[in-house]
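In the numbering used here, the protein residues as written are 1 to 192.
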């Protein structure tokens, strides 16, 4: 099973993914950004694009990698990744579903004010790349193809994880981490 957590920057995708990983047996976090970083580091400047998702190669790698893992392991694969272009969504999520893989897609959403506040708390200034993407993300994610939205404005990560579990009928275990590790996952937890 693949759980794709989508949403604008600041929606809580990464922290939700980390918490889910600890509450689901055999869960694994797959980070498609790593494929984008690999592509950026291994092509000439003349081939660079402003967003690595624009590379057909990125979409192909992400699809192939997820299909390979889903076909060969019983792990729950959690994918925290913003994707707002419907055609890219179809190329990856749509194709995975067409090929018979179980993919749950969920958009974590919040108001622009909430997103900006969350980004500021994690050190992103108002003119940071992530903050500059908020409007584009909110507009793109309003497309009906991005089904299953969860409004997270007034929710803690623990509440988001519980809501995800209920919506996807997941059997969540208790989180074995200490209070410190639960509340500061970016500082204390490895993703894999």
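Glycine included, each C-beta is placed from N, C-alpha and C at the ideal position.
- Looking at 108, 93, 107, the one whose alpha-carbon comes closest to that of residue 101 is 93.
- Proximity to residue 54 across 88, 17, 41 peaks at 88, based on C-alpha coordinates.
- One alpha carbon belongs to residue 142, the other to residue 83, and they sit about 12 Å apart.
- At the C-beta level, residue 7 and residue 86 stay beyond 9 Å of one another.
- Judged by pairs of C-beta atoms under 8 Å, the region 12-19 touches the region 154-164, as three or more such pairs exist.
- Here residue 96 is buried. Its C-beta has 16 or more other C-beta atoms within 10 Å.
- For residue 133, the CB contacts under 6 Å within the same chain, skipping 5 residues up- and downstream, are 9 in chain order.
- Leaving aside the five residues that flank residue 32 on each side, the residues in its chain whose CB is nearer than 7 Å to its CB run, in chain order, 62, 79, 81.
- When 74, 47, 35 are compared, the shortest CA-CA separation from residue 2 is found for 74.
- Of the other Cβ atoms in all chains shown, fewer than 16 fall within 10 Å of the Cβ of residue 135; this residue is therefore exposed.
- A residue is called buried once 16 or more other Cβ atoms fall within 10 Å of its Cβ, and residue 13 is buried on that count.
- Residue 152 and residue 11 do touch by the CB rule: their CB atoms are close to 6 Å apart, below 8 Å.
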